[in-house]
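2 protein chains.
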Amino acid sequence: MLKPSTLERSCLLRLFLLPATFNGESSVVLTGRDRSYLVDVLRLREGASLTGRDKNGGVWNLTITSITKKILILSAVKDNYARETTDALPESRPRASLVLYQCLPKGRKMDEIVKRATEIGAAAIVPVRSHNCVATGAEEREEAKSARYNALIKEAVQQSGSLVPTALSPTLDVRDVPGDFELRAASFSQGGSAAPSIGLLLHQCRLEERQKSLFEVLDEFLSSEVFREESSPAPLIALLVGPEGGFTDGECAMMLESGFKPVLLKTNILRCETAAVYALAAVQAIAER
Amino acid sequence: MLKPSTLERSCLLRLFLLPATFNGESSVVLTGRDRSYLVDVLRLREGASLTGRDKNGGVWNLTITSITKKILILSAVKDNYARETTDALPESRPRASLVLYQCLPKGRKMDEIVKRATEIGAAAIVPVRSHNCVATGAEEREEAKSARYNALIKEAVQQSGSLVPTALSPTLDVRDVPGDFELRAASFSQGGSAAPSIGLLLHQCRLEERQKSLFEVLDEFLSSEVFREESSPAPLIALLVGPEGGFTDGECAMMLESGFKPVLLKTNILRCETAAVYALAAVQAIAER
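Quick mapping for you: the protein sequence lines, in order, are chains W and Y. Residues 948 to 1236 in this note's numbering are what the first sequence spells out, letter by letter. Residues 948 to 1236 in this note's numbering are what the second sequence spells out, letter by letter.
Listed below in structure tokens is the structure:
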């Protein structure tokens, strides 16, 4: 199983959400959870650079200038590549954190999925290798692929005004996709304590265990006791989407065993790049009610 | 305003849903509404060719061999390009008929939208020209464009196993987009009596009239009196999606005047090709509960 620290530390390039008190000053002082997130979780040190986003959707190039036991100071320089927009920028982060475990499709389709999942505001994208993933022969090096995905993520965050710093994980084998979402949830909430979570296995073949509809599963999950209170933490919803050809029977059995809930989308057979966007959109629209 | 017959007759190339009693015979006899649909609505005559889909998702090349006052006879030849699939084919048409009014985006993005909307099972796709649509200079001829869209639709229907014969309308000016959905609904239900309908204007800028969330608007619409009965007709949900740059204030005012309900998606700023898929997916997932 993947250790949490691997997933968390892969997020070095993600956009850091600047505190609401930040108003374009040339330096930012972080305390508490924000400081702890950069120092203890991401393990960043003095001199490290990261990209930040302010409450208005502005993008900033940040450098850590000093770290003490109580505070952390960042220098902030406005990123001029950030696009001006007249559209209504999102005013808050989405209510649910969406994590997309996407089995690698053929060719460059993953690029499209990375862009669109980021636009929609996925908290994390985890590329997954499974039995039916087609190896392209001339396999692209993992580092080159990550760099390209991260560039696409940065561009999509800027264009979409997303307040979610979409994290990219290294590619996992399907056997290493964690089923223990409860523990995992903490990795994706800044500073974060564990949030209630659910993992959905999207599979368009009939399984022995009855597959519920997306609405049915989410309605049950979101109407549970823990969400009654105002201060309840944002739920984490993980989606596992197959490659062309779907999952093998063995993979389905393994994912159900590890806690994923089987879901059958009440629609036609979708190409895998449509399926990812469809599922993210449907989950978000239902969770944001 | 566009006359119904123009919209209806543009659907000549759409896939005709064969009766449930068809079991691969070399000829099919149609009576009642099915006959009337081809003869009176589509105005097809002896010798006309159309493409059909059987209840198992098989695709058939059909030719009208004779028409009388009571019956119509089709010859049926299996289309061998139909892809075999092990995925679970949809067992029924989706509960809601989705009509996508899509303002033309730049370049070939419309191709992607046509493919994905068909996969998801849109009943009709209507390309729309609005103020912010960018003319590409070397304007493609309408016929060439329609032919390409129809080829993409046919391919997507086959790949997705869709039971919905997605219709393509000629390009409309935004001023000609009909607001009287109640009347319009009949055009998209085979044989069809009018179904309850709603038009949604997707606009990511704030409007004077408060924009509700997609869930809020659909929940209100779908829980109305008319859907209480088992035999209630499938609702028609029309979505109007803007081009890059969105709608002008004047266009918004006009569409609201003609009966569209303003909707703000609770998500980030989406590129228009993502917006169409997002909206269709979210609407379908909510309507199919």
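A virtual CB, placed ideally from N, CA and C, is assigned to each residue, including glycine. These numbers come from a predicted model, not from an experiment.
At 8 Å on the CB atoms, spell out the chain W contacts of residue i, in chain order.
i: Y/GLY1068; result: THR1214 and ASN1215
i: Y/ARG1236; result: SER1160, PHE1162, GLU1163 and ASP1166
Assuming residue i and residue j make a contact with CB atoms under 8 Å, what is their CB distance in whole Å?
i: W/ILE1020; j: W/SER974; result: 6 Å
i: W/GLU914; j: Y/PHE1168; result: Here chain W covers residues 948 to 1236 and nothing more, so residue 914 of chain W does not appear.
i: W/MET1202; j: W/LEU1148; result: 5 Å
i: Y/LEU1227; j: Y/LEU1186; result: 7 Å
i: Y/ASN1079; j: Y/GLU972; result: Between Y/GLU972 and Y/ASN1079 the Cβ distance is about 51 Å, and since that is not below 8 Å, they are no contact.
i: Y/SER1044; j: Y/LEU1183; result: 5 Å
i: Y/PHE963; j: Y/THR998; result: 7 Å
i: Y/VAL1024; j: Y/ASN1003; result: Not confirmed; about 16 Å, so no contact.
i: Y/LEU989; j: Y/LEU977; result: So it is not a contact: roughly 12 Å between Cβ atoms.
i: W/VAL1061; j: W/LEU1099; result: 5 Å
For residue i, count neighbouring C-beta atoms within 10 Å of its own C-beta (all shown protein chains included) and say buried if the count is 16 or more, exposed if not.
i: W/GLU1198; result: buried
i: Y/ASN1215; result: buried
i: Y/ASP1196; result: exposed
i: W/ASP1001; result: buried
i: W/ARG1063; result: buried
i: W/PRO966; result: exposed
i: W/VAL1210; result: buried
i: Y/LYS1101; result: buried
i: Y/ALA1103; result: buried
i: W/THR1113; result: buried
i: Y/VAL1081; result: exposed
i: W/THR1065; result: buried
i: W/ALA1070; result: buried
i: W/GLY994; result: exposed
i: Y/GLU1220; result: buried
i: W/GLU1059; result: buried
i: Y/VAL1230; result: buried
i: Y/GLY979; result: exposed
i: W/GLY1193; result: buried
Leaving out five residues before and five after residue i in sequence, what residues of the same chain have Cβ atoms less than 7 Å from its Cβ?
i: W/ARG982; result: ILE1018 and LEU1019
So with Cβ pairs under 8 Å, would you call residue i a contact of chain W?
i: Y/GLU1191; result: no
i: Y/ILE1233; result: yes
i: Y/SER1022; result: no
i: Y/TYR1096; result: no
i: Y/LEU959; result: A caution first: Y/LEU959 carries a pLDDT of 34, below 50, which makes its placement in the model unreliable, though a value can still be read off. For Y/LEU959, the answer is no, since every Cβ of chain W falls outside 8 Å of its Cβ.
Give the residues of chain Y in contact with residue i, contact being defined as C-beta atoms less than 8 Å apart.
i: W/ALA1200; result: None at all; the shortest Cβ gap to chain Y is about 17 Å.
i: W/GLN1106; result: ILE1216 and ARG1218
Counting only the same chain and skipping the five closest in sequence on each side, list residues whose C-beta sits under 6 Å from that of residue i.
i: Y/SER1303; result: Because chain Y spans 948 through 1236 in this model, residue 1303 of chain Y falls outside it and cannot be assessed.
i: W/THR1033; result: Caution applies to W/THR1033, whose pLDDT of 43 falls short of 50 and renders its modelled position unreliable; the model cannot decide the point.
i: W/PRO1180; result: ALA1142
i: W/ALA1222; result: VAL1188
i: Y/SER1170; result: none
i: W/THR941; result: Here chain W comprises residues numbered 948 to 1236, so residue 941 of chain W is not present and cannot be evaluated.
i: Y/LYS1056; result: GLU1220
Using the beta-carbon of each residue, which ones in chain W are nearer than 7 Å to residue i?
i: Y/THR998; result: None at all; the shortest Cβ gap to chain W is about 17 Å.
Just to make sure I have the definition right: I need the residues of chain Y whose C-beta is within less than 7 Å of the C-beta of residue i. Which are they?
i: W/ARG1063; result: THR1221
i: W/SER1109; result: ASN1215
Residues of chain W with CB closer than 9 Å to the CB of residue i, please, in chain order.
i: Y/VAL1224; result: ARG1063, THR1221, VAL1224, TYR1225 and ALA1228
Output yes if chain Y places a C-beta closer than 8 Å to the C-beta of residue i; else output no.
i: W/LEU965; result: no
Would the C-beta of residue i count as close to the ligand COA, meaning under 7 Å from any of its heavy atoms?
i: Y/LEU1212; result: What this structure holds is no ligand at all, so the ligand COA is not there to describe.
Kindly say whether residue i, judged by its beta-carbon, lies nearer than 8 Å to any beta-carbon of chain B.
i: Y/PRO1190; result: Absent from the structure is chain B; the protein chains it does hold are W and Y.
I'd like the list of long-range same chain contacts for residue i, defined as Cβ closer than 8 Å, with 5 residues on each side in sequence excluded.
i: Y/VAL1075; result: TYR1048, GLN1049, CYS1050, LEU1051, THR1118, LEU1119, ASP1120, VAL1121, VAL1124 and LEU1187
i: Y/VAL1164; result: ILE1145, LEU1147, LYS1208 and VAL1210
i: W/TYR1225; result: LEU1212, THR1214 and LEU1217
i: W/ASP1166; result: ILE1233
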